[in-house]
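Trainee:
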Ligand code: CTP
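Residue numbers (my numbering): 3 to 398.
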């Protein structure tokens, strides 16, 4: 079950070269089980054809306010009533200006004005047009009207310039659409999360790492953000791109992770330690590459600080959540860890099933006992974990 299965999404396209990304977005949405209806402005039809969008969405594409095939001849009302969200991607500078003023001289702008559901806009334009005070004024107005602005990103532009105004990628827009359907269970809360492995240097080119990919930690960060929290993600080395709209602090060693967490924990309402932190580090990290010798060498290790334990032991500690990756005796070890680290909640999984995989299975241990979260994609488990945390948080 995806977050948007069965949701009715009205995808609007205004005129811009980024219209080609709307084709990919339509495909992602339909693959995720959403019902997609497409409305295009006249300018959008110059960049991509309605035939393409019809083939990808599996539904007729609407372009005309005066479409006589709509039974009551009111396409704008008909279309805007039957959807759960309206997404306009690309949203051109002209289209933003129109909406900011409440103008409605074509089907897309009219149904945006007539809608009763949330509206998400993914702007796409040249960087000068984006930076123009008129556009910025319009964006301020639109945000004030409760309309969500997705992006844009900075980067290479079709016009050959480089800067702000590139439309988000289809995958990123999909994530924002999924986020808009999530209940804001952590609205107003600040959540600090550790994720990924740590890397403990032996010399300048070698070190001790582990096989954590960071996938679960990043899923938890995304789920917390989607639940309305202000998220800070302290991340060990991973290949993942941080979800949009959160603060990411990159660290390498356990000591760096400890320092980054301790510098920020006072402001956190919730701390979730998902990182696979190395328990030990080489006593001495050489400042040059070690040369091969003839015999054995001995690596002396010393303990790393326990980040979760230290956070939980603080006065006014945030609500602390630990992760336990075990290879056997899951229940006994996880519950023992919960008591030893004095945290109210531990999410336990079997390490051999968890590391690097897309799916996982969690067992939550808290004061009430044991709660199984059946095998599911990591983002679904992360959302269930966030919902569990929200239920346990002290009510103010
Ligand atoms: N953790 C931490 N700092 C450490 C080690 C672990 O914050 N130095 C956190 C992890 O992020 C996780 C939890 O503690 O939330 C459990 O980590 P784990 O390494 O499994 O626990 P240990 O107490 O180290 O037990 P063991 O390695 O013996 O299983």
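Glycine included, every Cβ here is placed at the ideal spot set by N, Cα and C.
All of these numbers come straight from a predicted model, not from anything done at the bench.
(1) In three-state DSSP terms, what is residue 234?
(2) Could you spell out the range, first to last residue, of the beta strand (DSSP E) harbouring residue 274?
(3) Taking residue 67 and residue 29 to be in contact with their CB atoms under 8 Å, please state how far apart those CB atoms are, rounded to whole angstroms.
(4) Would you mind listing the beta strand (DSSP E) stretches within the region 191-253 that are 3+ residues and don't spill past its ends, in chain order?
(5) Of the residues 246, 373, 357 and 106, which one's Cα is nearest the Cα of residue 212?
(6) Can you give me the start and stop residues for the beta strand (DSSP E) that residue 64 sits inside?
(7) My assumption, with CB atoms under 8 Å, is that residue 90 sits in contact with residue 11. Please give the rounded CB distance.
(8) Which residues bound the beta strand (DSSP E) around residue 56?
(9) Within 8 Å, do at least three Cβ pairs link the region 359-368 to the region 376-385?
(10) Where does residue 167 land, buried or exposed, given buried means 16+ other C-beta within 10 angstroms?
(11) Taking 8 Å as the cut-off, decide whether the C-beta atoms of residue 187 and residue 170 are in contact.
(12) Between 291, 294 and 324, which lies nearest to residue 308 when the distance is taken from Cα to Cα?
(13) Considering just the uninterrupted stretch of the alpha helix (DSSP H) at residue 263, what are its terminal residues?
(14) Starting from residue 156 and walking both ways along the beta strand (DSSP E), at which residues does that stretch end?
(15) Using the Cβ count rule (16 or more neighbours within 10 Å means buried), how would you classify residue 381?
(16) Which two residues bound the contiguous beta strand (DSSP E) that contains residue 351?
(17) Would residue 331 be called buried (16 or more neighbouring beta carbons within 10 Å of its own) or exposed?
(18) Among the residues of its own chain, which have a CB less than 6 Å from the CB of residue 38, if the five just before and after it don't count?
(19) Please tell me whether residue 276 and residue 230 are closer than 8 Å, where the distance is taken between their beta carbons.
(20) Could you name the residues that DSSP lists as bridge partners for residue 371?
(21) From the DSSP output, in three-state form, read off residue 97 for me.
(22) Could you pull out every residue in the same chain whose Cβ sits closer than 6 Å to the Cβ of residue 216, ignoring the five residues on either side in sequence?
(23) Could you check what DSSP says for residue 313 in three-state terms: helix, strand or coil?
(24) Identify, in the order they occur along the chain, each residue of the same chain with its Cβ nearer than 6 Å to the Cβ of residue 388, setting aside the five sequence neighbours on each side.
(25) Any heavy atom of ligand 1 closer than 7 Å to the CB of residue 196?
(26) When burial is assigned at 16 or more other CB atoms within 10 Å of the CB, is residue 185 buried or exposed?
(27) So within the region 107-145, which uninterrupted beta strand (DSSP E) runs reach at least 3 residues, ignoring any that extend past its ends?
(28) Could you check which residue in 264, 52, 370 and 92 has the C-alpha nearest to that of residue 24?
(29) Within a Cβ cutoff of 8 Å, which residues of the same chain sit near residue 257, ignoring the five residues on either side of it in sequence?
(30) Alpha helix (DSSP H) containing residue 174: first to last residue?
(31) Label residue 292 either buried or exposed according to how many other C-beta atoms from any shown protein chain fall within 10 Å of its C-beta, with 16 as the threshold for buried.
(32) Given a threshold of 16 other Cβ atoms within 10 Å of its Cβ, counted over all protein chains shown, does residue 339 qualify as buried or as exposed?
(33) Would you kindly report the start and end of the unbroken beta strand (DSSP E) that includes residue 11?
(34) The beta strand (DSSP E) that contains residue 303, what's its start and end?
(35) Can you round the beta-carbon distance between residue 301 and residue 346 to whole angstroms, since I take them to be within the 8 Å contact cut?
(36) According to DSSP, simplified to helix, strand and coil, what is residue 328?
Mentor: From the atom records:
(1) strand
(2) 272-275
(3) So it is not a contact: roughly 27 Å between Cβ atoms.
(4) 192-197, 232-237 and 249-252
(5) 357
(6) Residue 64 -> no beta strand (DSSP E), and no H or E assigned at all.
(7) Rounded, the Cβ-Cβ distance is 11 Å, inconsistent with contact.
(8) Not the beta strand (DSSP E): residue 56 falls in the alpha helix (DSSP H), residues 52-59.
(9) Flag = yes, the region 376-385 and the region 359-368 touch.
(10) buried
(11) no
(12) If we check each option's Cα against that of residue 308, 324 comes out closest.
(13) If you look at residue 263, you'll find it in the alpha helix (DSSP H) that goes 256-266.
(14) 155-158
(15) Buried, since its Cβ has 16 or more Cβ neighbours within 10 Å.
(16) Per DSSP, residue 351 belongs to the beta strand (DSSP E) from 347-352.
(17) exposed
(18) 11, 13, 28, 31, 32 and 59
(19) No, Cβ-Cβ distance for residue 276 and residue 230 is not below 8 Å.
(20) 368
(21) helix
(22) 197, 198, 240 and 242
(23) Secondary structure of residue 313 (DSSP, three-state): helix.
(24) 225, 226 and 229
(25) yes
(26) exposed
(27) 121-125
(28) 92
(29) Around residue 257: 283, 306 and 307.
(30) 172-182
(31) With fewer than 16 Cβ atoms within 10 Å of its Cβ, residue 292 is classed as exposed.
(32) buried
(33) Start and end: 10-15.
(34) 303-305
(35) That belief does not hold up - the Cβ atoms of residue 301 and residue 346 are roughly 37 Å apart, past 8 Å.
(36) strand
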